[in-house]
Structures are given as structure tokens and as C-alpha cells.
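Chains as they are written, first to last, in the numbering used here: chain A, 80 to 301; chain B, 2 to 375.
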Amino acid sequence: MDWQALALSVKLSLMTLVFLLPIGIFFGRWLAYRRFIGKSLLQTVLALPLVLPPTVLGYYLLVLFSPNQGLGLWLANNFGTTLVFNFEGLVLASIIFNLPFAIQPMQRAFASIPSEIREAAACCGMRPSTVLWKIELPLAWPGIVSAMVMCFAHTLGEFGIVLMVGGNIPAETQTIAISIYDSVQSFDDQSASIMSFSLLMFSMLTISFTYWLSERSSHTHV
Amino acid sequence: MSDSSIHINLQQQQPIPLQVELQCKSGELLALVGPSGSGKTTVLRAIAGLYQPQTGHIECQGEVWQHSSQQIFRQAYQRHVGLVFQNYALFPHMTVLENIQQALTDIPQSQRREQAFELLKKVHLDGLEQRYPKKLSGGQQQRVAVARALARRPKVLLLDEPFSAVDQVTRRKLYRELLSLRQSLAMPIILVTHDLEESTLLADRIALLHKGEVLQTGTPEYVSAHPHTATVARLMDQQNLFTAQILEHNASTQTTRLRWRGVELQASYQPQFPVNTKVCWMIQSANVLLHRRDRPSNGDKENPLQGTIIEYLESNGLSQLLIEVDAELKVNIALNVPLHVGKRNKLRENEKIGISLLTEGIHLMPYQSLRRET
Numbered sequence: 080m081d082w083q084a085l086a087l088s089v090k091l092s093l094m095t096l097v098f099l100l101p102i103g104i105f106f107g108r109w110l111a112y113r114r115f116i117g118k119s120l121l122q123t124v125l126a127l128p129l130v131l132p133p134t135v136l137g138y139y140l141l142v143l144f145s146p147n148q149g150l151g152l153w154l155a156n157n158f159g160t161t162l163v164f165n166f167e168g169l170v171l172a173s174i175i176f177n178l179p180f181a182i183q184p185m186q187r188a189f190a191s192i193p194s195e196i197r198e199a200a201a202c203c204g205m206r207p208s209t210v211l212w213k214i215e216l217p218l219a220w221p222g223i224v225s226a227m228v229m230c231f232a233h234t235l236g237e238f239g240i241v242l243m244v245g246g247n248i249p250a251e252t253q254t255i256a257i258s259i260y261d262s263v264q265s266f267d268d269q270s271a272s273i274m275s276f277s278l279l280m281f282s283m284l285t286i287s288f289t290y291w292l293s294e295r296s297s298h299t300h301v
Numbered sequence: 002m003s004d005s006s007i008h009i010n011l012q013q014q015q016p017i018p019l020q021v022e023l024q025c026k027s028g029e030l031l032a033l034v035g036p037s038g039s040g041k042t043t044v045l046r047a048i049a050g051l052y053q054p055q056t057g058h059i060e061c062q063g064e065v066w067q068h069s070s071q072q073i074f075r076q077a078y079q080r081h082v083g084l085v086f087q088n089y090a091l092f093p094h095m096t097v098l099e100n101i102q103q104a105l106t107d108i109p110q111s112q113r114r115e116q117a118f119e120l121l122k123k124v125h126l127d128g129l130e131q132r133y134p135k136k137l138s139g140g141q142q143q144r145v146a147v148a149r150a151l152a153r154r155p156k157v158l159l160l161d162e163p164f165s166a167v168d169q170v171t172r173r174k175l176y177r178e179l180l181s182l183r184q185s186l187a188m189p190i191i192l193v194t195h196d197l198e199e200s201t202l203l204a205d206r207i208a209l210l211h212k213g214e215v216l217q218t219g220t221p222e223y224v225s226a227h228p229h230t231a232t233v234a235r236l237m238d239q240q241n242l243f244t245a246q247i248l249e250h251n252a253s254t255q256t257t258r259l260r261w262r263g264v265e266l267q268a269s270y271q272p273q274f275p276v277n278t279k280v281c282w283m284i285q286s287a288n289v290l291l292h293r294r295d296r297p298s299n300g301d302k303e304n305p306l307q308g309t310i311i312e313y314l315e316s317n318g319l320s321q322l323l324i325e326v327d328a329e330l331k332v333n334i335a336l337n338v339p340l341h342v343g344k345r346n347k348l349r350e351n352e353k354i355g356i357s358l359l360t361e362g363i364h365l366m367p368y369q370s371l372r373r374e375t
């Protein structure tokens with residue numbers, strides 16, 4: 080068992096969640112309640128990581144982060160940093176490829192709150208921020224939590240994009256999925272087996288938890 | 002305008018046409034009545050601050066809530082409105098007590114619990130404070146919604162079809178409770194309903210809305226009996242609506258004579274309609290008198306007509322008759338009599354009967370085509 084790779088994967092997943100939680104709530108709520116020109120296009124762009132092969136997305140991110148042009152060049156010139164083959168780049172790539180897994184369930188969760196409930200809260204004298212805190216988040220939280228769990232599990236097991244953007248640098252960018260690949264390549268079947276089984280169990284737990292949450296939410300809400 | 006009233010003036014062409022001018026005094030219950038899509042709920046939402054019409058002026062108890070020309074628009078949370086939604090919109094993740102406490106924002110935290118208990122007692126829900134909305138019946142949910150609306154200490158109480166989601170037995174009980182509760186409420190109350198019976202039972206005045214426009218306001222009885230136009234009469238579910246021509250006004254007998262499809266009718270004196278002009282006229286079914294076969298009376302001489310019962314229904318203690326009037330008239334007149342009268346007179350379909358149209362009950366209106374509007 081490559082504990083270092085596991086620790087890095089967990090760290091990457093948690094860092095991703097820290098950023099994705101506010102991003103998901105903001106975009107999920109915005110897309111659920113607002114109508115605007117270009118909404119369909121934005122939703123399409125946000126959903127792209129669902130259908131794009133991870134290596135394709137990884138390739139484009141590698142191009143985007145490249146210090147020879149665009150964003151990568153700007154970062155290199157202004158901050159003397161780069162986003163390829165390091166942990167920070169991996170976090171950003173992870174946030175991008177998880178966007179639909181975070182935003183879509185949260186959007187559904189916010190959209191399922193009847194508009195009358197939010198209006199009733201306003202008529203009770205609640206400001207929009209209070210309505211979000213006291214009404215919307217408690218009602219949408221099963222969707223928010225299941226989105227976060229899915230993103231955590233997805234990041235933990237992601238292979239293609241991580242390899243493209245981060246490479247395979249032990250303790251820096253080598254996650255557990257890449258470590259499994261390495262173990263198989265070096266005929267270390269036992270390590271590969273233990274790590275694969277651990278990820279399998281974790282995935283099963285994740286899915287069970289999200290089903291339990293959605294079941295629970297349908298029992299408590301009208 | 003008295004200081005304790007609400008004054009509403011809304012004008013808009015698009016997307017929902019609105020032409021509304023209303024006033025409701027403190028303690029008065031005004032019903033906004035009209036068919037589906039007439040704009041009732043939009044008006045209510047505009048009062049609550051949940052919808053902003055293009056042009057509007059809403060002033061409640063001296064507070065300006067909207068004044069378009071001065072760019073004033075107070076958000077819903079800044080207005081003191083109590084709104085009972087059609088489906089109650091209770092917060093499903095909170096208990097009954099917590100639901101009510103959410104609206105008690107104007108009093109110190111320490112007093113909210115006690116105040117919420119008092120409100121629950123007022124709506125006869127004490128003992129259910131720890132229940133979740135899902136565990137309440139429709140009637141109980143409605144009471145919680147009313148208590149929550151009152152907890153806001155509203156300057157106006159708005160009720161959006163609050164009885165439509167409960168069964169008829171519960172509805173009657175809730176009617177009685179609202180009538181009793183409103184005695185203690187010193188604020189304007191505005192009820193949205195499409196149910197004319199409901200508005201007649203509960204409202205002091207009604208405002209009849211059609212395609213976003215207030216066509217007429219007045220007591221329910223007055224608007225029913227004296228609609229300004231045939232459209233109002235139709236919306237007030239007046240079935241006996243026809244056209245005729247004015248023949249003569251007689252100031253000495255205080256009568257107006259009409260020609261209606263070859264028959265002359267005598268109506269009460271309504272000289273505002275010039276002689277020879279066409280008019281619409283209506284008569285409420287309560288003003289159509291059934292002739293007793295065994296004992297003719299003086300009333301039988303007022304605009305007597307003969308006809309055949311073509312439809313006979315018994316419902317709610319009434320015999321509802323549709324009578325096809327004989328000869329050249331070829332029209333149907335609706336008439337309601339108490340059920341015992343129907344039974345005693347052995348009324349049934351295809352039976353020949355005599356009726357009279359009471360002179361005082363014939364109400365004239367400006368002429369308009371009576372083809373059903375789409």
C-alpha cells in the first residue's frame with residue numbers, strides 16, 4: 080500500500096472540496112433560480128467534463144497551463160510560478176473536471192425548493208442572505224453533501240487528467256490511481272490489489288451514503 | 002384615504018396587463034375575484050413585493066411600498082405583509098413552532114417562543130407545536146400559515162386562495178374560523194379567490210378582475226344584482242343575460258318598457274338608456290317567480306311567461322331549473338327554488354310551468370354582443 084500516494088489523493092480531494100463547495104453553491108443556486116441569455120451555453124460548457132475523455136480535458140488543461148502561452152505565461156511572468164507538474168496545478172485541474180459533479184446536483188437541489196417557500200421566507204421578513212442560510216441551505220443540504228461526496232470519490236480515483244497535468248512525481252503529483260498503475264507496470268500485484276480493493280470499498284460506501292441521503296431527504300421534506 | 006388603509010394603483014401593459022386601482026380599509030375584507038388568469042394573484046404578489054409592475058403606487062398605513070415615479074420599491078422582507086399562500090408554503094424542515102417563530106423578527110428572541118404559543122392558541126393549534134408540516138392535515142397547515150402570517154404583525158393580511166387545497170367540510174369550518182378571527186384583526190385583509198360563493202360569504206367588498214383590469218368593486222350582493230356591464234354579469238355567473246330594445250320610460254309609474262324578442266317587458270325605471278337603443282339586461286334567478294298552479298297571486302301578473310322545464314337538478318337544498326320559454330322567444334331562463342317548493346309543486350323535466358320576471362329585478366346595462374368571449 081502506497082500510503083504517501085493515498086495521503087496525497089486525500090489531500091487533493093479535500094483541497095478540491097474546499098474550493099468547490101462555495102463555487103458549487105454559487106453556480107448551482109444561480110443556475111437554479113436565474114434566467115439569462117446564454118444560460119444553456121454556460122450549462123453546456125459546465126457539463127463538458129462529463130462527456131470529454133479525461134485525457135482530452137487533461138491535454139487542453141496542459142496547453143492552458145503551459146508557461147509558454149496564455150494563462151501559464153501570465154502566471155510565470157507575474158508570479159514566477161507554473162501550474163504544470165505540481166500540486167497547485169493538480170488542484171485547479173481537479174476543480175475544473177469536478178465542476179459538473181458539484182454544480183449539477185446542487186442546481187437540482189436548489190431548483191427542487193418551491194419558489195413559494197423562498198417567497199414565504201421573504202414575507203416573514205428574512206433578508207436574502209437569511210433565506211439562504213435558514214431555508215435554502217438546510218433544504219438543499221442532502222444534494223450539496225452528496226455532490227461533495229461524489230466529487231471527493233471522483234478526485235480520489237481520477238487518473239487521466241491527473242497524469243496529463245501533474246505527471247507522476249512521488250509525493251508531489253503521484254496519486255493513488257497513478258500508484259496503482261505503477262504497481263501493475265512493475266508487476267507488484269499485491270500492492271495494486273490492496274489499493275484497488277480499498278478504492279472499490281470507498282466507492283461503494285460513497286454511493287451508499289448518497290443514496291441514503293436522498294432517501295432521507297425524501298422522508299423529511301414535503 | 003384614511004391612514005390605516007392600503008391604496009393600490011398598478012398600471013402595466015406587458016407582460017401581464019394590469020389596470021388596477023383599489024383601496025381597502027383597516028378591518029375590511031376585500032376579495033379579488035375573477036377567472037383563472039385574470040391577474041388576481043399577480044396583484045397580490047405586487048402588494049407583497051414579490052412582483053414589481055412597471056408602474057405602480059402602493060401605500061399602506063402611511064408607508065410607501067412602491068412609487069414608480071420616485072423609484073421607490075421596497076422588497077418583500079421590508080414590507081410588513083402577512084401572506085397565506087395557496088399551498089401554505091410552510092418550511093418543511095421546521096416544526097410548527099419554528100415556522101411561526103421565523104416571522105417574529107420584530108420582538109426580542111426571549112419573547113418569541115411565548116408569542117408563538119399564543120398565536121397557535123389563537124388558531125386552535127395548541128399541542129401541535131412540535132409537529133412537522135408533513136404530519137399535519139390540510140386544515141391544520143392552513144392554520145399554521147395564518148398564524149405565521151399574523152406573527153409578522155402585518156400591516157395588511159393577504160390570502161391567496163387559502164381554502165382551495167382543503168375538502169369542503171374543512172373549508173366550511175375554516176370559513177367560520179376566519180370570520181371569527183377577522184373580528185380581532187385591525188388591518189386590511191385582501192383575499193384572492195375564484196369562488197363567488199366564498200367571496201359572498203367572507204368579503205365586505207369584492208373587486209372583479211378580468212384580463213388584469215378591475216371592472217367593478219362593491220359589496221358582493223350589489224355587484225351581483227347591479228353589474229355595470231354584461232361582462233361583469235357573466236363573470237358574476239348571471240345566467241339570465243339577454244339583449245332587448247328600450248321602448249319607453251315612464252317617470253310617473255317609475256317603469257321602463259322593453260321589447261325582448263317580440264315580448265314586452267316592464268323593468269324598474271332606468272332612464273339613462275335612451276329610447277329605441279339596444280341594451281343588455283339581466284335578472285337574478287332569485288327574481289324569477291314560479292307560479293303556483295293551485296293558488297295564483299298578484300306577483301304572477303309581472304312579466305308573465307310560460308315555459309317547459311328542460312333541466313331539473315336538486316343540490317344544496319335547492320331545485321335548479323332551466324326553463325325553455327315558449328313561443329317565439331326560444332330562450333332559456335334559469336330559476337332556483339327551495340327544494341321543498343320543487344317537490345311540493347311536483348316539478349320535473351318536460352313539465353309545463355308559468356313564471357314571472359319581477360319588474361324590480363330586471364337590471365339594464367349598455368349593449369354589447371353576448372357571444373361568449375374567448
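Heads up, the beta-carbon is just placed ideally off N, CA and C, and yes, glycines get one too.
query	result
Touching by the beta-carbon criterion (3+ pairs, under 8 angstroms), the segment 101-118 of chain B and the segment 188-200 of chain B	no
Near-chain A residues of the segment 209-233 of chain B (beta-carbon distance less than 8 angstroms), N- to C-terminal order	none
Per-residue burial, Ile363 of chain B [other beta carbons within 10 Å of its own, 16 or more giving buried]	buried
Limits of the unbroken alpha helix (DSSP H) element including Thr209 of chain A	207-210
Rounded separation between Ile108 of chain B and Pro367 of chain B - CA only	55 angstroms
Leu129 of chain A versus His233 of chain A: straight-line alpha-carbon distance, rounded	11 angstroms
Cut-off 8 angstroms between Cβ atoms - residues of its own chain near Ile196 of chain A, not counting five sequence neighbours on either side	Ile214, Leu218
Host beta strand (DSSP E) of Ser269 of chain B (start-end)	264-269
C-beta contact flag for Ala268 of chain B and Leu159 of chain B at 7 angstroms	no
For Pro221 of chain A and Arg40 of chain B, the rounded distance between their alpha carbons	Checking the sequence shown, residue 40 of chain B turns out to be Gly, not Arg. Cα to Cα, Gly40 of chain B sits roughly 37 angstroms from Pro221 of chain A.
Host beta strand (DSSP E) of Val85 of chain B (start-end)	82-85
Inter-residue spacing [alpha-carbon to alpha-carbon] between Thr96 of chain B and Asp127 of chain B	13 angstroms
Sequence-distant residues of its chain with Cβ nearer than 8 angstroms to Ala200 of chain A (five each side left out)	Thr209, Val210, Lys213, Ile214
Terminal residues of the alpha helix (DSSP H) in which Gln141 of chain B lies	139-152
Cβ neighbours of Leu91 of chain A in the same chain (closer than 7 angstroms, five flanking residues each side left out)	Leu169, Val170, Ser173, Thr234, Thr254
Partners in chain A for Gln20 of chain B, counting only beta-carbon separations shorter than 7 angstroms	Those do not exist, as Gln20 of chain B stays about 24 angstroms from chain A at its closest Cβ, beyond 7 angstroms.
Within 7 angstroms, strictly: CB atoms of Val124 of chain B and Ile7 of chain B	no
Below-7 angstroms beta-carbon distance, Arg295 of chain A vs any chain B residue	no
Interfacial residues, the segment 252-266 of chain B to chain A, with Cβ spacing under 7 angstroms	none
Backbone CA spacing between Ser138 of chain B and Cys203 of chain A [nearest angstrom]	22 angstroms
Buried/exposed call for Glu374 of chain B, threshold 16 Cβ in 10 Å	Reliability fails at Glu374 of chain B, whose pLDDT of 41 lies under 50, so the model's placement of it is uncertain and the value that follows must be treated cautiously. Exposed is the call here.
Closer than 7 angstroms to chain B by CB, Pro221 of chain A	no
Three-state class that DSSP yields for Gly219 of chain B in the structure shown	strand
Three-way DSSP call (helix, strand, coil) for Pro367 of chain B in this model	strand
Cut-off 8 angstroms between Cβ atoms - residues of its own chain near Pro36 of chain B, not counting five sequence neighbours on either side	His195, His211, Leu236
Contact list for Arg206 of chain A against chain B, beta-carbon separation under 7 angstroms	Tyr78
Collapsed DSSP secondary structure at Leu129 of chain B in the structure displayed	coil
Val338 of chain B, DSSP secondary structure in three states	strand
Inter-stretch contact (C-beta, 8 angstroms, three-pair minimum) for the segment 26-35 of chain B and the segment 182-194 of chain A	no
Chain A contact for Leu137 of chain B (CB, 7 angstroms cutoff)	no
Within chain B, partners of Ser167 of chain A - CB distance below 9 angstroms	Note on identity: in this sequence residue 167 of chain A is Glu, with Ser being the wrong assignment. Those within 9 angstroms of Glu167 of chain A in chain B number zero; the least Cβ separation is about 39 angstroms.
Beta carbon of Pro343 of chain B nearer than 7 angstroms to that of Ser320 of chain B	Note on identity: in this sequence residue 343 of chain B is Gly, with Pro being the wrong assignment. Contact flag set, yes.
For His233 of chain A, the three-state DSSP class (helix, strand or coil)	helix
Limits of the beta strand (DSSP E) - the one that Phe243 of chain B falls within	242-251
Chain B within 7 angstroms of Ile196 of chain A, Cβ atoms only	yes
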